[in-house]
Amino acid sequence: MSNFASLRRDDCYFVDKTVFIPELERANKFFFFIRPRRFGKSLTLSMLKHYYDINRADKFDELFGNLYIGNHPTEERNSYLIIELNFSVIDGTLGNYKKSMDAHCGIHFESFCDVYSHLLPEGILERLKSKNGAVEQLQLLIDECAKVGRKIYLFIDEYDHFTNDILSDPARLKDYESETHGEGYFRKFFNTIKAGTASAIERCFVTGVSPVTMDDVTSGFNIGTNYSLSPRFNELMGFTEDDVRQMLDYYRTTCEFHHTTDELIEIMKPWYDNYCFAEESYGRTTMYNSCMVLYFVDNYVNGDGRVPKYMLEDNIRTDYNKLRMLVRRDNEFGHDTSVIRRIVEQGYITAELKTGFPARSITDPRNFVSLLYYFGMLSIDGTLEGETKLIIPNQVVREQIYNYLLETYEKEALTQEDYIRSELSAKLAYREAWREYFGYIADCLHRYASQRDKQKGESFVHGFTLAMTSLNRFYRAISEQECQQGYVDLFLRPELDIYKDMLHSYIIEFKYVKSSEPDSLVEVKRQEAISQANRYAETDLVRSSIGHTTLHKIVMVYKGMEMKVCEEIE
Numbered sequence: 002m003s004n005f006a007s008l009r010r011d012d013c014y015f016v017d018k019t020v021f022i023p024e025l026e027r028a029n030k031f032f033f034f035i036r037p038r039r040f041g042k043s044l045t046l047s048m049l050k051h052y053y054d055i056n057r058a059d060k061f062d063e064l065f066g067n068l069y070i071g072n073h074p075t076e077e078r079n080s081y082l083i084i085e086l087n088f089s090v091i092d093g094t095l096g097n098y099k100k101s102m103d104a105h106c107g108i109h110f111e112s113f114c115d116v117y118s119h120l121l122p123e124g125i126l127e128r129l130k131s132k133n134g135a136v137e138q139l140q141l142l143i144d145e146c147a148k149v150g151r152k153i154y155l156f157i158d159e160y161d162h163f164t165n166d167i168l169s170d171p172a173r174l175k176d177y178e179s180e181t182h183g184e185g186y187f188r189k190f191f192n193t194i195k196a197g198t199a200s201a202i203e204r205c206f207v208t209g210v211s212p213v214t215m216d217d218v219t220s221g222f223n224i225g226t227n228y229s230l231s232p233r234f235n236e237l238m239g240f241t242e243d244d245v246r247q248m249l250d251y252y253r254t255t256c257e258f259h260h261t262t263d264e265l266i267e268i269m270k271p272w273y274d275n276y277c278f279a280e281e282s283y284g285r286t287t288m289y290n291s292c293m294v295l296y297f298v299d300n301y302v303n304g305d306g307r308v309p310k311y312m313l314e315d316n317i318r319t320d321y322n323k324l325r326m327l328v329r330r331d332n333e334f335g336h337d338t339s340v341i342r343r344i345v346e347q348g349y350i351t352a353e354l355k356t357g358f359p360a361r362s363i364t365d366p367r368n369f370v371s372l373l374y375y376f377g378m379l380s381i382d383g384t385l386e387g388e389t390k391l392i393i394p395n396q397v398v399r400e401q402i403y404n405y406l407l408e409t410y411e412k413e414a415l416t417q418e419d420y421i422r423s424e425l426s427a428k429l430a431y432r433e434a435w436r437e438y439f440g441y442i443a444d445c446l447h448r449y450a451s452q453r454d455k456q457k458g459e460s461f462v463h464g465f466t467l468a469m470t471s472l473n474r475f476y477r478a479i480s481e482q483e484c485q486q487g488y489v490d491l492f493l494r495p496e497l498d499i500y501k502d503m504l505h506s507y508i509i510e511f512k513y514v515k516s517s518e519p520d521s522l523v524e525v526k527r528q529e530a531i532s533q534a535n536r537y538a539e540t541d542l543v544r545s546s547i548g549h550t551t552l553h554k555i556v557m558v559y560k561g562m563e564m565k566v567c568e569e570i571e
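Numbered according to our numbering, the sequence shown terminates at residue 571, and the numbering increases by one at each position without gaps.
Have a look at this one:
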């Protein structure tokens, strides 16, 4: 639900973000903010719109009475005429963009004239209808409001909606640039906003998921400040763990629960948490994806206290599917510079996060890392050697990235084998069929590895194995790394809260021998693996996670691309 008034009038649970309103007022009046999809951007804009709308002054207590801002109102409350635009409904294809933008803006501009008719010059609606298109109509509204001393607060949601079309079709870059450069229509629209800030447009709040489009029109809107990486607003959208705990504690008093709050947090955290949007906030707090949390809570509450079978909502999965064009871009870099492969193989990547870059520069791997971050595929994990360290934030994103990675290996063949993988996954969980399962992965690895993959050796073999096991719905694959010394353990943690009757869990101790090294080294590595697997099996993480399942300790040794050892140890 993204309508703040409906949410409040229906007495829905609301995580109070109004505490940020005073801080927003202290920031630049022309506020630019990027967050991943499904992170509460639209609801935040709706909340702000209702707070600042001059026509809703008589509803202030009803909407905000028991919230932070209801007890600490600012002087600017209910003092603006609101223009709210949502570019997600605009046809993103460039050939239809102007017509669709004019239609969308025209509807909202006419509504503006209607709802504020008692505050605006007489006849404004007729004059608006005589204007040709969104640019001329916006200019008229600015001029008319200035005449009577009325101030506008302009909200634009998903300003970058048509960027995805450009990312997926490089051939359209020239047409895109014609819209965002020179005398392009999109650029003219933002030039009009910029000019209007000298008279009637007092504040702007612009949101999106990518800095690409804004960078291309920046000279048309260079008065705004990008707060996307600011620690001041790290927690503006999304939920903190305290927010999630309070929500669970509240519903515990009204609904049937079969888990403690701590138990539910332990289930949700690996899937939905670990987003950080400012280097300075790292180590202080992490953010949960709010839409994913609400999906889980709704299913749990309305499912008589049962954990949902699927941890990812279909609508969110659809959003991630739209990002498959990122794989096509990543493939342009080639094997040696593939960003996604590097992330999977070493567990992190370092980069300088860019606050903006033109669409033409997306193919620069340094910019591509920033794009993955803004789309929510990476999260800040501190700094390393002078750059921002970025990791895959959680299991939801990890599944998507590993899916993307596997699509780069003989996509059609792997797709045809989806059924086989699913069947083997079930056998692994219920029938102890580990030899068949890992033999299948080794066979796929051998068939789909390119010459460059083979040259990478250990990192490729481990990355491919991790990607395959992470798509097993019965387990959460936990990979631990030993700094710069290579990969040690892979723990297939059973999802017992979902599949209560599954019978088997696994530790895989992985070792690698180069093709050029002597065969005798295989046995040396095997003995090392046995020792480490036995130690790892006794850790608190493993013992507390396996429940009633039987734990199997599997030792694997690869020599080059060939699996030489795959055995269970006692």
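Where is the CB? At the ideal position from N, CA and C, for every residue including glycine.
Keep in mind that this is a model prediction, so the values were computed, not measured.
- Pairing Lys50 with Leu493, the inter-Cα distance amounts to about 47 Å.
- When beta bridges are read from the DSSP output, Val370 appears opposite no residue.
- Linking Gly357 to Ala538 through their CA atoms gives a straight-line distance of about 46 Å.
- Under the 10 Å beta carbon count, Gly387 is surrounded by fewer than 16 other beta carbons and is classified as exposed.
- Taking Ile108 as reference, the option from Pro122, Gln138, Val245, Ser291 with the minimal CA-CA separation is Gln138.
- By the C-beta density criterion, Thr255 is exposed, having fewer than 16 other C-beta atoms within 10 angstroms.
- Excluding residues up to 5 positions away in sequence, Pro495, Leu497, Met503, Leu504, His505, Ser506 lie with their Cβ nearer than 8 Å to the Cβ of Thr550 in the same chain.
- Under the 10 Å beta carbon count, Cys146 is surrounded by 16 or more other beta carbons and is classified as buried.
- With respect to Phe156, Phe206 sits close: the two C-beta atoms are nearer than 7 Å.
- Between the stretch 393–405 and the stretch 338–352 there are three or more C-beta pairs closer than 8 Å, enough to call the two in contact.
- DSSP places Met48 in the uninterrupted alpha helix (DSSP H) bounded by 42–53.
- Per DSSP, reduced to three states, the secondary structure at Ile393 is coil, with no helix or strand assignment.
- Taken in chain order, the complete alpha helix (DSSP H) segments of 4 residues or longer contained in the stretch 239–313 are 242–253, 262–273, 291–302.
- By the beta-carbon neighbour count (other beta carbons within 10 angstroms, threshold 16), Asn67 is exposed.
- Per the C-alpha coordinates, the member of Gly464, Ile499, His119, Glu518 positioned closest to Gly561 is Glu518.
- Under DSSP, Ser380 takes part in a beta bridge, and its partners are Ile392.
- Under DSSP, Gly209 forms a beta bridge with Ile35.
- Taking Glu267 as reference, the option from Tyr289, Phe234, Ile35, Ser231 with the minimal CA-CA separation is Tyr289.
- Here Tyr273 is buried: its Cβ has 16 or more other Cβ atoms, across all protein chains shown, within 10 Å.
- Excluding its 5 nearest sequence neighbours in each direction, Cys292 has C-beta neighbours in its own chain below 6 Å: Arg39, listed in chain order.
- Under the three-state reduction of DSSP, Glu539 is assigned to coil, being neither helix nor strand.
- Secondary structure of Arg494 (DSSP, three-state): strand.
- Straight-line spacing of the CA atoms in Lys270 and Ile84 works out to 38 Å.
- The C-alpha of Thr226 is placed about 30 Å away from the C-alpha of Val116.
- Rounded to whole angstroms, the Cβ separation of Glu314 and Tyr296 is 4 Å, and the two are in contact under 8 Å.
- In the DSSP assignment, Thr351 falls within the beta strand (DSSP E) that extends over 350–352.
- Here the alpha carbon of Ser118 sits roughly 14 Å from the alpha carbon of Tyr81.
- The straight-line gap separating the alpha-carbon atoms of Arg432 and Val213 is approximately 49 Å.
- Taking the Cα of Glu280 as reference, the smallest distance to any Cα among Gly383, Pro37, Ser211, Asp305 is reached at Gly383.
- Beta-bridge analysis with DSSP links Thr226 to Phe32.
- Secondary structure at Ser506: strand, using DSSP grouped into helix, strand and coil.
- Where Met564 is concerned, the enclosing beta strand (DSSP E) starts and stops at 563–570.
- One alpha carbon belongs to Lys130, the other to Gly41, and they sit about 34 Å apart.
- Taking a contact to require three or more Cβ pairs closer than 8 Å, the stretch 351–371 and the stretch 232–247 do not qualify as touching.
- Beta-bridge pairing by DSSP links Lys554 to Ile508, Ile570.
- The Cβ atoms of Lys152 and Glu203 lie closer than 7 Å to each other.
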